[in-house]
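Protein chains: 2
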Amino acid sequence: MLEELIEKGKKARGAAAFLRTVSSAEKNKVLTGAAGRLEINLDRLLEANHLDIVAAEKNDIKGAFLDRLKLNTGRVKSMADGLRELAALPDPVGEVVSMVKRPNGLMIGKQRVPIGVIGIIYESRPNVTADAFGLCLKTGNATVLRGGKEAIHSNLAILDVLQEALVDRGFPGDAVQVVENTSRESARDMMRMNGYLDLLIPRGGQGLIKTVVENSSVPVIETGVGNCHVFVDNQADQEKAIAIAVNAKTHRPGVCNAAETLLIHTGIAAPFIPAVCKAMAEKGVEIRGDETVCRYWPEAVPATKDDWAKEYLDLILAVRVVGSLDEAVQHISRYGTGHSEAIVTENYSKAQAFLAKVDAAAVYVNASTRFTDGYEFGFGAEIGISTQKLHARGPLGLKELTSTKYIIYGNGQIRE
Amino acid sequence: MLEELIEKGKKARGAAAFLRTVSSAEKNKVLTGAAGRLEINLDRLLEANHLDIVAAEKNDIKGAFLDRLKLNTGRVKSMADGLRELAALPDPVGEVVSMVKRPNGLMIGKQRVPIGVIGIIYESRPNVTADAFGLCLKTGNATVLRGGKEAIHSNLAILDVLQEALVDRGFPGDAVQVVENTSRESARDMMRMNGYLDLLIPRGGQGLIKTVVENSSVPVIETGVGNCHVFVDNQADQEKAIAIAVNAKTHRPGVCNAAETLLIHTGIAAPFIPAVCKAMAEKGVEIRGDETVCRYWPEAVPATKDDWAKEYLDLILAVRVVGSLDEAVQHISRYGTGHSEAIVTENYSKAQAFLAKVDAAAVYVNASTRFTDGYEFGFGAEIGISTQKLHARGPLGLKELTSTKYIIYGNGQIRE
């Protein structure tokens, strides 16, 4: 393993022991202090970012990728605001979720505690450096950040500012660290940092997430891939159904909780297909339809099997007709990624059956899939949407960045 | 990947879809049915077990290993009783842990659901086959079991009986499966069954657990390794301290929550070391002491550095004198495995400091570490004690074998 990682791992463990016992008030002061310092150091951050941008342009990087890399006054301000918002949220650490008194008199409580050291592997957005630091510090976790090589100057400049804010308040600067070696080797080695890292979170595209899930021996939380469906039942209120489908597809097509496939009950194919396709067309959505859909909406592009599995993240929608609710559930079970799934129906039993049968992080009746989000759920800031079943499923908010321990108050009990 | 595993993985997914929606009453009927069938088929089980025993003896297997492999009337009865006890416990699946009404009218509930398919890799005890099946079926999970090659005849015979009980009640027999290929390859391949397995639990010795943690790309829950400490503060009630230390060491030395090291505050070294060592000696415990301990108790064997890290699982106790609570915490943080740790003290602030500073699944004040156990905590049957920080920490009971999903009731909400 790279020397740098071992060293950072050791320092992070030390910082985690410090963070385990600091108060919420102290952590919040660091967060607001860091917010102020980010704004004060705007020029320094933009200068460092400029080095990254120049290097990227030299390497012929452009378009959306270059845009993600860029910092400006607004983006620095929003990093700072993010930290202030975190300071204002309640701290989950220390909460005793439950406490029981056992027959032998033992008081057994389950208390939320920090996880310890969290590693984050991400791509080119430098704002992740401040966001991830904020979420982890708020929950008492030390962080080892490994961002993309294109953003290294920006990340190190942000790091300096964050560490100054920590030291200001008597915290160890090592509570947040950035891995300077951005080779493939450093990413691979991070995935094997058992004993140093308690959790590794990949933030980025599908490729990055897959690589981390397959290669990490450190526990991973998988976030973000969403092939989401809206199923319109024959007993749906069709007006609601169109509004929900259009919102799920077009409100923000590039995010993981946007709908990618619309399933339509055969019983309403004749009126509903042209109506919904027209509404989609007005929003600039390209339809990829099965045979029936193409018959009712000739402008549709015939769908191939690949379309059912695709996360377009774009103004494209696959549309398929199904014979029943069970057929819809089967389609979702086969092609879905377990993120967000919706049924539109006025039938009570079908609504309940859909909720019970569909295996996903969030299952909706008569609402847009776009609500799967930490703020919309009322949890506040999040680090992503978990699509795995262990530890946390759905929005990964502050609570999900904690572990628990049992605290037991006795008065001399021994086991008979 | 082995064909057998792919096939079993597919069947398990089918069974998991069935199990997702069955009622608790139906699952309980299968459990009690299986209990009865195990008892009725006693002879068949003992015959199959006999084949394993004969083969093991031919391979020169003996002692504790051979004993673990053995079935007899009592052990079959206790497998059956275990299933009946599970049937009597409340079913966590379906519980809505919380439900909030958001400002836009969405009702967002968090509901306990089965995890899906759980793989279990274990060693020679055939009773794990029935126990793991019971815990998983109760929580609506399908199971793929990969036991040790020495127990294959026993495991397949138990499997037959369990599958008969499933089919009896209209359940798919594939809800529980045993991997017939018991080569190293089948264990290795199981660790890569992403997409088929949602969770992999290793049950067995430290070597097995380490191998699975390091090589599995399927999420793992780590159980069982416990290097547990009792710290006796200078302000302890020494009588309580002796009772607790002796209980933690000797009540059942072979289990993971038994104490392995006793830390003694230097302030009470003179009276306490001889007193506690005498009590331990009366129970046949060998003392491995640091210099001070050896001075006060000359019968002690001088401890080496290895002793602090050792999980003896035997009537051996490492004893060390520390200068302060913080030194005790540092020792525990360095050598402990995050399982169960206890302080004995009458000082309020020290008790609270120990609870806050020690990072372990269960932290005790004035009680024996032996209480870290599903039944003692009031949770009922468990599959092990988790020492990791994600998903579940401490006793892995029925609740810990579930995931959650968000169920959302809307009336046409779209995101603005």
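Chains W and S, in that order, give the protein sequences. Under the numbering used here, read the first sequence as residues 1 to 416, first letter to last. Under the numbering used here, read the second sequence as residues 1001 to 1416, first letter to last. All residues carry an ideal CB built from backbone N, CA and C; glycine is no exception. Computed from a predicted model, the values in this text were never measured in an experiment.
Runs of 3 residues minimum, wholly inside the stretch 1226 to 1307 of chain S: which ones carry the beta strand (DSSP E) assignment? 1228 to 1232, 1259 to 1265, 1286 to 1289
Taking C261(W) as the reference, give the member of S324(W), A303(W), V176(W), Q235(W) with the closest Cα. Reading off the sequence shown, one finds Thr at residue 261(W), where the question assumed Cys. For the residues S324(W), A303(W), V176(W), Q235(W), the minimum Cα distance to T261(W) belongs to A303(W).
Close beta carbons around F354(W), own chain, < 6 Å, minus the five adjacent residues each side: I343
Which ranges would you report for the alpha helix (DSSP H) in the stretch 121 to 157 of chain W if only whole runs of at least 4 residues count? 127 to 138
Can you grab the Cα-Cα spacing for the pair F272(W) / T129(W), in whole Å? 46 Å
Identity of the residue in G380(W), Q163(W), S124(W), V276(W) nearest V30(W) by Cα: Q163(W)
How do the stretch 1016 to 1030 of chain S and the stretch 1101 to 1116 of chain S stand: do at least 3 beta-carbon pairs fall below 8 Å, yes or no? yes
Taking the Cβ atom as the reference point for each residue, do Y406(W) and K110(W) lie within a distance shorter than 8 Å? yes
Distance CB(V321(W))-CB(T266(W)) smaller than 8 Å: yes
Please work out which residues of its chain come closer than 8 Å, Cβ to Cβ, to E1085(S), disregarding the five sequence neighbours upstream and downstream, and give them in chain order. G1380, A1381
Rounded straight-line distance, which links the Cα of T182(W) to that of R1415(S): 39 Å
With a 10 Å radius around its C-beta and 16 neighbouring C-beta atoms as the bar for buried, classify E1341(S) as buried or exposed. buried
Considering only the beta carbon of each residue, do Y68(W) and E95(W) sit closer than 8 Å? In the sequence as presented, Tyr is not what sits at residue 68(W); that position holds Arg. Not a contact, by the Cβ cut-off of 8 Å.
When you compare the CB positions of V179(W) and V144(W), do they come within less than 8 Å of one another, or not? yes
S333(W) versus chain S: which residues are under 8 Å apart at the beta carbon? A1017
Which residues in the same chain have their Cβ closer than 6 Å to the Cβ of Q949(S), if we skip the five residues on either side of it in sequence? No answer is possible for residue 949(S): it lies beyond the span of chain S, which begins at 1001 and ends at 1416.
8 Å Cβ cutoff, T404(W) in contact with chain S: yes
Give the residues from the stretch 335 to 360 of chain W that approach chain S closer than 7 Å (Cβ to any Cβ), ordered along the chain. L355, A356, K357, D359, A360
Mind the definition here: the stretch 1043 to 1062 of chain S touches the stretch 381 to 399 of chain W only if three or more C-beta pairs lie below 8 Å; say whether that holds. no
By a C-beta neighbour count over all protein chains shown, 10 Å radius and 16 as the cutoff for buried, is S78(W) buried or exposed? exposed
Sorted by chain position, which residues of the same chain lie with C-beta nearer than 8 Å to N1347(S)'s C-beta, five sequence neighbours on each side aside? D1233, Q1235
If you reduce the DSSP assignment to three classes, tell me which class I6(W) lands in. helix
Helix, strand or coil at A360(W) according to DSSP, with G and I counted as helix: coil
Kindly indicate the opening and closing residues of the beta strand (DSSP E) around V176(W). 176 to 178
K1310(S) and M1280(S): beta carbons closer than 8 Å? no
For the structure I just gave you, are there three or more beta carbon pairs, one from the stretch 1101 to 1108 of chain S and one from the stretch 362 to 379 of chain W, closer than 8 Å? yes
In chain S, which residues lie with their C-beta within 8 Å of the C-beta of S324(W)? Simply none; closest approach about 16 Å.
Please report whether the beta-carbon of H1251(S) lies at a distance below 8 Å from any beta-carbon of chain W. yes
Helix, strand or coil for Q388(W), going by three-state DSSP, please let me know. coil
Taking only the alpha-carbon atoms, compute the straight-line gap between V1246(S) and R1252(S) and give it to the nearest angstrom. 10 Å
When the Cα of T402(W) is compared with those of F231(W), L200(W), V93(W), which residue comes out closest? V93(W)
When the cut-off is 8 Å and only beta carbons count, does N1181(S) lie next to chain W? no
Would you mind telling me which residues of chain W sit closer than 7 Å to Y1409(S), beta carbon to beta carbon, in chain order? V365
Listed by chain order, chain S residues near G21(W) by CB distance under 9 Å: In the sequence on display, residue 21(W) carries Thr and not Gly. Going along chain S in sequence order, the residues near T21(W) (Cβ under 9 Å) are A1353, A1356, K1357.
Considering only the beta carbon of each residue, do N1049(S) and P1126(S) sit closer than 8 Å? yes
Give the straight-line distance between the Cα atoms of Q388(W) and K1062(S), rounded to the nearest whole angstrom. 43 Å
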